[in-house]
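From first to last, the protein sequence lines stand for chains C and Y.
So the number in my numbering is just where the residue sits in the first sequence, counting from 1, plus 28.
So the number in my numbering is just where the residue sits in the second sequence, counting from 1, plus 28.
Notes follow once the structure below has been shown.
Protein chains: 2
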Amino acid sequence: MEFKEAKNKFIQTWGALGSQWGINKTMAQIHALLMVSPESLSMEDIMEELLISRGNASMNLRALMDWGIVYKEYKSGERKEFFTAEKDLDELAVKIAQERSKREIKPALKVLKDVSSIDTTKSAETKHFVEQTSKLYDFVLKADNMIDKVTEFKDNWIGRLVMKIMK
Amino acid sequence: MEFKEAKNKFIQTWGALGSQWGINKTMAQIHALLMVSPESLSMEDIMEELLISRGNASMNLRALMDWGIVYKEYKSGERKEFFTAEKDLDELAVKIAQERSKREIKPALKVLKDVSSIDTTKSAETKHFVEQTSKLYDFVLKADNMIDKVTEFKDNWIGRLVMKIMK
DNA sequence: AATAACTTTCAATTATTTTTGAAACTTTAA
DNA sequence: TTAAAGTTTCAAAAATAATTGAAAGTTATT
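Shown next, in the form of C-alpha cells:
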C-alpha cells in the first residue's frame, strides 16, 4: 500500500466511524484529513481533496471549530484562512466528551430528573417507572461526572497508576 | 406531570438520544419501553404503545436481542412471545460497549494498523502520516482495552476505590 | 395434514439527513 | 469607494436510513 491509498483509506474509515457515532461523515473526514496533514490547509485544499462543495466545507469547518477541535490560522502574506486540527489526542478526547455531554447528556439528564419525580402514590406501574428512571438518572449522572473528571484525572498520580493497571 | 405523560416523554427522549449515538430511534424506544414495563410485553403490545408496524417491531427486537440487551420470554399457556429488557444498568453498559467495540472499533483498529504500517522511507508527508496514525492506533487500542477491562474492573477493590475518588 | 397463530423478510415507500450551488455577505487592497 | 478575494447562508436536490405492509415462512394445535 502506498501513501495516497493509505491516506484515502484512513479518511474513509474515519468518516464511516464518525457517522456510526452520530457525527456527520464530512465533518469526520475533514478532521481526519487535517490530522494527517503536516501543514494547515485552506478551504480550497479541503474541497479538492475530499471532492466536496464549498458550502459543505464551510459548514463542517464551522462545526469543527465550534467543537473546539479545529482551529483557524492566518498565514502572513496570504489572504485566505487556513485550518489545522487539534493533534493532542487526550485533548481531543476530552473536548469531544465535554461537547457531547453538554449537548446531549445534560439535556437528557434534565428529562430523567423530571420524569422520575412524578407523584408515586399511584399505581404499582408508576412506582416501577419511577424506580427505573431514578436508577437511570443516577447511572447517567455518574457516567457524566466521570467525563467531567477525566481532564484532571489524567494528570494525577493515581490516575496514571490506574491507567497502568488497565494496561 | 402524570404517569402517561412522563412515560411518553421518557421514551421520546431516550429515542432521540439513541439516534444521536448511532442507534436507531425505534430500537432505543423499544428498549426504553421495556425498561419501564414491570411485565414483559408482546410484539402486539409494543406496536400498539409505540404506534409502529409489525415489521419494524420485529426487526428492532431482533437487533436488541443480537445486542444481548433484550430477552425473549415464553409464558405458559400463551402462544406468543414476550420480551423483556436487561434492567441491570452496569450489565447494560458493558454489553453495549462490548457490542460497539466488536462492530465498530475493532474493524477501525485493523485499518489503523494497516495504514500506519506503510513504508516510511519516502517523503516527509508520509512520515507525518505514519506518525499520526500510529498515535491514533495506540490511543484507540488503549481506549478499547479499557472497555474489555470494565467487566472485571467494576468488581475488584481498586476499581471501587477509583470509582469513589471519581465520585 | 390441515389450519390457525404468530413471526420474519424484503421491495417499495416515506422520512430524515446531508450536500450542493448560487446569491448574499464580509473583508482587504488598491 | 470600488472591486476582487474570500466566506457564509440556506432553499432545493440528492443521498441515506427507517418504516411499512403484505406475502412467505414457522410453529403449535386439533
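No residue lacks a Cβ here, since even glycine has one placed at the ideal position from N, Cα and C.
Check, Outcome
"Residue interval of the beta strand (DSSP E) (run including C:Lys100)", "Val98 to Tyr102"
"For C:Glu30 and Y:Lys155, the rounded distance between their alpha carbons", "12 Å"
"Where the alpha helix (DSSP H) through Y:Thr54 begins and ends", "Lys53 to Met63"
"C-alpha gap between Y:Asn89 and C:Met71, whole angstroms", "Looking at the sequence shown, residue 89 of chain Y is not Asn but Leu. Approximately 44 Å between the Cα atoms of the pair."
"Distance, Y:Gly96 Cα to Y:Val122 Cα", "10 Å"
"Three-way DSSP call (helix, strand, coil) for Y:Ser218 in this model", "Absent from the structure is residue 218 of chain Y, since the part of chain Y shown begins at 29 and ends at 195."
"Bridge partner(s) assigned by DSSP for C:Glu225", "Because chain C spans 29 through 195 in this model, residue 225 of chain C falls outside it and cannot be assessed."
"Euclidean distance between Cα positions of Y:Met6 and Y:His59", "Within the shown structure, residues of chain Y are numbered from 29 to 195, placing residue 6 of chain Y beyond reach of any answer."
"Reference Y:Lys108; option with closest CA among Y:Ser65, Y:Ser162 and Y:Ile74", "Y:Ile74"
"Reduced DSSP category for Y:Leu69 - H, G, I as helix; E, B as strand; rest coil", "strand"
"Beta-carbon spacing of C:Ala196, C:Tyr99 below 9 Å", "The requested residue 196 of chain C is not part of the displayed model; chain C covers only 29 to 195."
"Identity of the residue in Y:Ile175, Y:Lys103, Y:Glu153 and Y:Ser145 nearest Y:Tyr165 by Cα", "Y:Ser145"
"Counted within 10 angstroms of its Cβ, other Cβ atoms place Y:Lys35 as buried (16 or more) or exposed", "buried"
"DSSP three-state assignment for C:Thr154, whether helix, strand or coil", "helix"
"Below-9 Å beta-carbon distance, C:Gly50 vs any chain Y residue", "yes"
"is_contact[Y:Lys195, chain C] using C-beta, thresh 9 Å", "In this prediction, Y:Lys195 has a pLDDT of 48, which is less than 50 and means its spatial position is unreliable; nothing more can be read from the coordinates."
"Inter-residue spacing [alpha-carbon to alpha-carbon] between Y:Lys115 and Y:Leu137", "31 Å"
"Chain C contact residues for Y:Asp142, given Cβ-Cβ distances below 8 Å", "Met29, Ala34 and Lys37"
"Boundaries of the alpha helix (DSSP H) in which C:Thr41 is found, first to last residue", "Phe31 to Gln48"
"Buried versus exposed call for Y:Ser54 [16 or more other C-beta atoms within 10 Å across all chains shown]", "The displayed chain sequence assigns Thr, not Ser, to residue 54 of chain Y. The residue in question, Y:Thr54, is buried, as its Cβ has 16 or more Cβ neighbours within 10 Å."
"Among Y:Glu106, Y:Asp172, Y:Ala171 and Y:Gln160, nearest to C:Glu38 - alpha-carbon criterion", "The sequence as given places Phe at residue 38 of chain C; Glu does not occur at that position. Taking only the C-alpha atoms, the option nearest C:Phe38 is Y:Gln160."
"Reference Y:Ser151, options C:Arg128, C:Phe167, C:Pro66 and C:Ala125, closest by Cα", "C:Pro66"
"Among C:Leu117, C:Val143 and C:Thr149, nearest to C:Val64 - alpha-carbon criterion", "C:Leu117"
"Proximal chain C residues relative to Y:Leu45, where beta-carbon distance stays under 7 Å", "Glu132 and Ala136"
"Distance, C:Phe111 Cα to C:Glu77 Cα", "14 Å"
"Under 9 Å between C-beta atoms of C:Phe157 and C:Val168", "no"
"is_contact[Y:Glu76, chain C] using C-beta, thresh 9 Å", "no"
"Limits of the beta strand (DSSP E) - the one that Y:Thr112 falls within", "Glu109 to Ala113"
"Chain Y contact residues for C:Ala152, given Cβ-Cβ distances below 8 Å", "Pro66"
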